[in-house]
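If you're matching them up, the sequences are chains A and B in order.
The working numbering applies: residue 1 is where the first sequence begins, and numbers increase by one.
The working numbering applies: residue 211 is where the second sequence begins, and numbers increase by one.
Number of protein chains: 2
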Amino acid sequence: MLNKNITRVLIVEDDEIIRESFVSLINSSESFLCIANYDTCEAAIKNLSNDTPQIILMDIGLPGISGIEGIRRIKKVYPKIDILVVSVHDEDEKVFDALCAGASGYLTKNINPEKLLNSLVEVLKGGAPMSTNIAKMVIRSFQISSESPLTNRETEVLQQLARGKSYTMIADDLHINKETVRSHIKNIYQKLNVNSKAEALDKASKDRLI
Amino acid sequence: MLNKNITRVLIVEDDEIIRESFVSLINSSESFLCIANYDTCEAAIKNLSNDTPQIILMDIGLPGISGIEGIRRIKKVYPKIDILVVSVHDEDEKVFDALCAGASGYLTKNINPEKLLNSLVEVLKGGAPMSTNIAKMVIRSFQISSESPLTNRETEVLQQLARGKSYTMIADDLHINKETVRSHIKNIYQKLNVNSKAEALDKASKDRLI
DNA sequence: AATAAATCACTCATTTTGGGTGAGAGCAAA
DNA sequence: TTTGCTCTCACCCAAAATGAGTGATTTATT
Numbered sequence: 001m002l003n004k005n006i007t008r009v010l011i012v013e014d015d016e017i018i019r020e021s022f023v024s025l026i027n028s029s030e031s032f033l034c035i036a037n038y039d040t041c042e043a044a045i046k047n048l049s050n051d052t053p054q055i056i057l058m059d060i061g062l063p064g065i066s067g068i069e070g071i072r073r074i075k076k077v078y079p080k081i082d083i084l085v086v087s088v089h090d091e092d093e094k095v096f097d098a099l100c101a102g103a104s105g106y107l108t109k110n111i112n113p114e115k116l117l118n119s120l121v122e123v124l125k126g127g128a129p130m131s132t133n134i135a136k137m138v139i140r141s142f143q144i145s146s147e148s149p150l151t152n153r154e155t156e157v158l159q160q161l162a163r164g165k166s167y168t169m170i171a172d173d174l175h176i177n178k179e180t181v182r183s184h185i186k187n188i189y190q191k192l193n194v195n196s197k198a199e200a201l202d203k204a205s206k207d208r209l210i
Numbered sequence: 211m212l213n214k215n216i217t218r219v220l221i222v223e224d225d226e227i228i229r230e231s232f233v234s235l236i237n238s239s240e241s242f243l244c245i246a247n248y249d250t251c252e253a254a255i256k257n258l259s260n261d262t263p264q265i266i267l268m269d270i271g272l273p274g275i276s277g278i279e280g281i282r283r284i285k286k287v288y289p290k291i292d293i294l295v296v297s298v299h300d301e302d303e304k305v306f307d308a309l310c311a312g313a314s315g316y317l318t319k320n321i322n323p324e325k326l327l328n329s330l331v332e333v334l335k336g337g338a339p340m341s342t343n344i345a346k347m348v349i350r351s352f353q354i355s356s357e358s359p360l361t362n363r364e365t366e367v368l369q370q371l372a373r374g375k376s377y378t379m380i381a382d383d384l385h386i387n388k389e390t391v392r393s394h395i396k397n398i399y400q401k402l403n404v405n406s407k408a409e410a411l412d413k414a415s416k417d418r419l420i
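Dropping the structure here:
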């Protein structure tokens, strides 16, 4: 049967113009079928068991429950559905929240039609399509800021702290004395202008120091 | 002048066949010039101040100092050089180590010539090219394993622990009693078969539980 | 010579941690 | 309905960890 080779796509997008254009684009391809489209997550979730999509194109800035929360809820019940974010938002927080919530990819809305279709294909192949700027953000998230005020040793110590190690364990790992670890941590706290482990790690993750 | 628009590319790759094929490929493009190629990081680093490449194609499995360590050392002295990994290795550890060390992208060697050149262009545009499988690994690294033995609440508690919070702070954040936090943590330790924060976080990061 | 980085020492009060043992309430599946 | 899971809270206890203070020495690098 022909239908067996058609991938069922669902669209959640509150802007009608954009939504319609996505529907047309999806249906213009022989490989994909837009089986439904909604302007809220609530509506989408309600009909999910009937719609049975394989891929969902999801907007982030939605009325009612957000796209992020929508991803979380959908993945909880239907972990196999691939959710591809298509959003104008490219702020760190939104992007990483969406990925943590279970998105299979993240595209920004300036994407051209051909690339969007390619991304759907890539998702089917188990890939993780990302727009250029998103890929950059994601890769950068692994790297320490070049403007870190911390020395190499201090960074090492802070990384170990982040792994829940005690001063003693850190000392053993780095083959230095516990007092030295204490000294480094005191300097770290001073440089970051904090006075506890939790504050230091908070600042460190925000400023990509570790 | 014509040279102003040509991007200087350096290759570090120990396999002569592959290295030569990369050189040919790069030089077949009008936009790129392979200004040098080496079979070790040591040799590359030694001549880096003369070669002044804008992009380095870097292998991972090299004799002498590894590609990972090479990236670290080069980025330390020349943070502006983009280093694009081209490797047969696609194990989690290698990939994430390379990204953490400062790689601007990561391609696996089965990549076709056209895509490799495209990736170079993408790097120049400030992007972060990744092979499909690598992108998948990277995105997955943000997501919690579906086979986590922990409950939602336990996961929350463990995430807070990872941020260096004390039981008291966690209790405040989750609006529960400190004793409840202790109880959750005891259960977490039992489920993960550990008996300290450090061990729990170690296992959690290895098994993607947080 | 001066500065930064990394190393180590000792005191002190307060918190934190991990182990043990136990228990009640809500909920869902069997 | 009973069993099991989840989340919640309580109290005891000893050992360990933490943060603040106040130092010092050594090794590079500029």
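Built from N, CA and C at the ideal position, the CB exists for glycine as well.
Proximity below 8 Å, CB of residue i to CB of residue j
i: S141(A); j: P129(A); result: no
i: C41(A); j: L25(A); result: no
i: M268(B); j: G274(B); result: no
i: I60(A); j: A98(A); result: yes
i: P280(B); j: V295(B); result: In the sequence under discussion, the amino acid at residue 280(B) is Gly, which differs from the Pro named in the question. Not a contact, by the Cβ cut-off of 8 Å.
i: L150(A); j: K178(A); result: no
i: K285(B); j: A311(B); result: yes
i: P53(A); j: V9(A); result: yes
i: L201(A); j: L174(A); result: no
i: T7(A); j: I55(A); result: yes
i: L317(B); j: S356(B); result: no
Proximity to residue i [Cα-Cα], best of the options
i: R73(A); options: I45(A), L161(A) and I176(A); result: I45(A)
i: I96(A); options: E230(B), C310(B) and Q353(B); result: Correcting the residue type first, residue 96(A) is Phe in the shown sequence and not Ile. Of the candidates E230(B), C310(B) and Q353(B), the one whose C-alpha sits nearest the C-alpha of F96(A) is Q353(B).
i: Y189(A); options: L158(A), S205(A) and G164(A); result: L158(A)
i: A186(A); options: R153(A), L174(A), R208(A) and K206(A); result: Reading the sequence as shown, one finds Lys at residue 186(A) and not Ala. Here the closest residue by C-alpha is R153(A).
i: N343(B); options: H299(B), K375(B) and P323(B); result: H299(B)
i: A204(A); options: T155(A), T168(A), S183(A) and M169(A); result: T155(A)
i: K375(B); options: I228(B), Y288(B), N260(B) and K407(B); result: K407(B)
i: E332(B); options: N403(B), H394(B), K319(B) and F242(B); result: F242(B)
i: D225(B); options: P323(B), M379(B), N260(B) and S297(B); result: S297(B)
i: E303(B); options: R229(B), V348(B), N322(B) and N260(B); result: V348(B)
Cutoff 8 Å: residue i Cβ touching any chain B Cβ
i: C100(A); result: yes
i: E122(A); result: yes
i: M1(A); result: Low per-residue confidence applies at M1(A): pLDDT is 49, beneath 50, and the placement is therefore not dependable, though the value from the model is reported in the following sentence. For M1(A), the answer is no, since every Cβ of chain B falls outside 8 Å of its Cβ.
i: K287(A); result: Since the first residue of chain A shown is 1 and the last is 210, residue 287(A) is not available in this structure.
i: G67(A); result: no
i: D82(A); result: no
i: P79(A); result: yes
i: K46(A); result: no
Residue-level contact to chain A via CB, residue i, 8 Å cutoff
i: D383(B); result: no
i: R159(B); result: Since the displayed chain B opens at 211 and closes at 420, residue 159(B) lies outside it and no answer follows.
i: L327(B); result: no
i: T361(B); result: no
i: M268(B); result: no
i: T342(B); result: yes
i: D426(B); result: Chain B is shown from 211 up to 420; residue 426(B) falls before or after that span and cannot be answered.
i: K416(B); result: no
i: I420(B); result: no
i: R373(B); result: yes
i: F306(B); result: yes
**OP:** Output, in sequence order along the chain, the residues in the segment 135 to 160 of chain A whose CB is closer than 7 Å to any CB in chain B.
**Re:** Of all residues in the segment 135 to 160 of chain A, only A135, K136, V138, I139, F142, Q143 and S146 place a beta-carbon less than 7 Å from a beta-carbon of chain B.
**OP:** With 9 Å as the C-beta to C-beta threshold (strictly closer), list the residues of the segment 176 to 200 of chain A near chain B in chain order.
**Re:** S196, K197, A198, E199 and A200
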